[in-house]
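First the structure, in the form of structure tokens, and then the observations on it.
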Amino acid sequence: MPRNASGGRMYIVLTQAPKGTKDILPANIINWYYLENAIRRICAAYGYKEIRTPMFEHTELFKRGIGDTTDIVEKEMYTFNDLAGRSITLRPENTAAAVRAFIENKLYADNPLVKLFYIGPMFRYDTPQAGRFRQFHQFGAEAIGLPGPDVDAEIIMLAVQFLRELGLKKLKILLNSVGCPKCRPGYRKRLQEHLRENFGQLCEDCRSRFDRNPMRILDCKEEKCRQAAVGAPALQECLCDECAEHFAGLQKYLQAVGLAFELDNTLVRGLDYYTKTAFEIQCDLLGAQSAVCGGGRYDGLVEEVGGDPTPGIGFAIGMERVLILLENQGLLPPQEEKLSVFVAHAGQGTNLAAFKLLTELRSFGVAAEMDFSGRGMKSQFKLANRLNAQYVLVMGENELKKGVCALKNMQTGEQVEMPLGQVHDAVASKL
RNA sequence: GUGGUUGUGGUGAAGUGGUUAACACGGCGGAUUGUGGUUCCGUUAUACGAGGGUUCGAUCCCCUCCAGCCACCCCA
């Protein structure tokens with residue numbers, strides 16, 4: 075019996091999915107198809123190709139890629155040893171793995187810019203909350219190989235177009251530049267100097283961030299930390315020429331296509347690999363977890379993971395969050411139960427004849443059903459009605475004897491008899 | 001990891017320290033024997049999240065755990 079931290083027994087209920095996970099049921103799967111179709115359609119327009127990487131990777135990949143001191147790596151990973159003793163981790167995000175695949179499969183050989191997208195489950199040991207789950211799904215895209223702001227603009231527009239095409243409103247696009255290894259250390263030092271004056275005021279978390287990642291302090295919501303941060307140098311003012319130029323270039327591209335965005339110099343992505351461009355798309359209809367999309371440039375990641383120095387940029391969109399937004403904005407696709415034909419049968423030997431009809435119709439791709447539970451004729455019609463059947467084929471004893479069957483139009487109520495051989499043509503001509 | 005809140009049948013939802021735990025929806029069957037969507041009737045389901053404690057007795061009181069929801073934190 076497993077025990078929890080306080081020593082109590084943990085009663086695991088077998089008939090209950092693990093905390094923070096969810097079954098996607100038949101009643102909801104249509105929503106996922108809807109999202110996936112939109113993703114594939116738009117990615118095709120943008121020239122991004124789908125990649126599917128394993129659901130787990132060597133733990134080290136995430137430690138190196140995402141960063142040892144990030145929350146994700148420090149306390150949110152599903153990590154275990156496999157039977158040979160390798161440390162394995164369920165992917166908490168997919169950028170590191172995509173980059174690994176890019177290097178391993180030498181995708182750089184094909185093209186100076188490799189454009190990939192992925193859809194799939196990610197795993198993070200977080201306390202569940204509105205819009206937050208332990209297994210959740212991301213749609214993400216990565217453009218690896220070129221450093222220019224035009225690539226940044228393209229990938230941002232990909233994310234934006236996806237969300238827009240779904241009909242989402244009230245989206246806020248936040249933009250920032252987090253600098254590069256050339257300018258960040260200098261900024262870091264200046265920021266620390268500024269914060270040092272009020273170090274005593276900082277909350278406990280921020281004190282521990284002071285050395286490890288002082289930029290995160292700007293993000294803190296504690297009032298005293300915000301006070302301490304007043305007048306802090308803005309990262310955007312300390313960017314090196316290259317980063318500043320890049321950031322300005324990106325804004326020009328976005329302005330050229332008329333995208334409204336906000337600059338937010340407190341936007342700091344929580345993963346270490348980001349350089350230069352960082353962006354986030356928010357919607358306050360989501361609750362506390364207001365980000366639907368987060369992304370940025372990662373010019374050092376490929377090298378960090380063992381490839382040749384190669385720039386890249388990407389984003390990830392939380393699919394459950396998109397679904398939440400679609401639902402509360404009334405934008406989910408209509409649920410349509412579509413059945414073309416219900417084959418009703420009653421009486422001796424009719425079940426075999428009905429099954430033959432059913433199978434024949436299906437072999438032509440017609441959506442057809444029949445009853446397997448021995449209901450009466452009336453119940454079968456009720457069922458056909460509930461299934462929204464357009465037609466009911468009646469195969470009773472009378473019809474069986476005469477070698478015919480009756481085709482009833484459920485909307486008009488009109489019913490015609492026909493020889494068995496004509497059933498398919500009759501149905502096909504009406505559907 | 002912390003805090004708040006909730007946990008009754010397939011679903012929504014009443015209720016009580018004590019013989020048969022409402023009601024509604026749904027499901028199934030029927031209203032003249034083989035034809036639906038309305039209506040009416042009947043019927044259905046070993047429902048009190050799990051474990052322990054208090055008590056003569058607990059679904060209702062106490063403790064622990066599990067889960068859902070929400071917030072901190074973090075992020076998609």
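So for the first sequence, my numbering puts the first residue at 75; every next one is plus one.
Backbone N, C-alpha and C define an ideal beta-carbon position, used for all residues, glycine too.
Is residue i near residue j, with beta carbons less than 7 Å apart?
i, j, result
"A420", "G477", "no"
"G241", "L88", "no"
"V501", "K482", "no"
"T424", "L474", "yes"
"F191", "Y122", "yes"
"H268", "A215", "no"
Could you check if residue i is buried or exposed, using at least 16 other CB atoms within 10 Å of its CB as the buried criterion?
i, result
"I103", "exposed"
"D224", "exposed"
"M75", "Residue placement at M75 is flagged as unreliable, the pLDDT there being 39, under the threshold of 50; the coordinate-derived value follows with that caveat. Classification of M75: exposed, given that the 10 Å Cβ count is below 16."
"N185", "exposed"
"K243", "exposed"
"R77", "Confidence is the limiting factor: at R77 the pLDDT is only 48, short of 50, which leaves the residue's position unreliable and the question unanswerable from this model."
"E297", "exposed"
"E228", "buried"
"H211", "buried"
"S447", "exposed"
"A79", "Here the model assigns A79 a pLDDT of 39, short of 50, so the residue's position is not dependable and the matter cannot be decided."
"K189", "buried"
"Q454", "buried"
"G81", "Reliability of the predicted coordinates at G81 is poor, the pLDDT of 42 falling under 50, and the value obtained from them is presented with this limitation in mind. Burial call: exposed."
"L99", "exposed"
Would you kindly report the start and end of the unbroken alpha helix (DSSP H) that includes residue i?
i, result
"K244", "Run containing K244: none; DSSP gives neither H nor E here."
"S282", "E278 to R286"
"G470", "Where G470 is concerned, there is no enclosing alpha helix (DSSP H), although the beta strand (DSSP E) it sits in stretches over A463 to G470."
"F335", "First-last for F335: undefined, no H or E at that position."
Ordered along the chain, which non-local residues of its own chain (more than five positions away) have a Cβ less than 6 Å from that of residue i?
i, result
"I355", "L245, I247, V366 and C367"
"A158", "none"
"F321", "S251"
"P195", "Q209 and H211"
"C280", "I291, C294 and C299"
In the DSSP assignment, the beta strand (DSSP E) including residue i goes from what residue to what residue?
i, result
"S161", "S161 to L164"
"L481", "V478 to N483"
"G214", "Q209 to I218"
"F416", "L413 to A420"
"A442", "A442 to M444"
"T153", "Y152 to N155"
"L324", "From DSSP, L324 is part of no beta strand (DSSP E) but of the alpha helix (DSSP H) over D315 to A330."
"I193", "V188 to F197"
Excluding five sequence neighbours on each side, which residues of the same chain lie with their C-beta closer than 7 Å to the C-beta of residue i?
i, result
"G361", "A204 and G205"
"E150", "P166, R198, Y199 and D200"
"E110", "I193"
"K93", "P202 and R208"
"K96", "F207"
"P493", "G477 and V478"
"P288", "R262, L265, Q266 and L269"
Quick one: residues in its chain with C-beta nearer than 8 Å to the C-beta of residue i, no 5 flanking neighbours on either side, listed in chain order?
i, result
"E488", "K482"
"G450", "A420"
"A378", "The sequence given here places Glu at residue 378; Ala does not occur at that position. So the list reads R138, G139 and Y347, once near-sequence residues are dropped."
"P128", "R165 and A171"
Residue i: beta carbon under 6 Å from a heavy atom of the ligand NAP?
i, result
"C314", "As far as ligands go, the structure on display features none, and thus does not contain the ligand NAP."
Legend entry - Contained alpha helix (DSSP H) runs [length at least 4] in the region 363-436, N- to C-terminal order: Within the region 363-436, the complete alpha helix (DSSP H) runs of at least 4 residues are 375-378 and 393-402.
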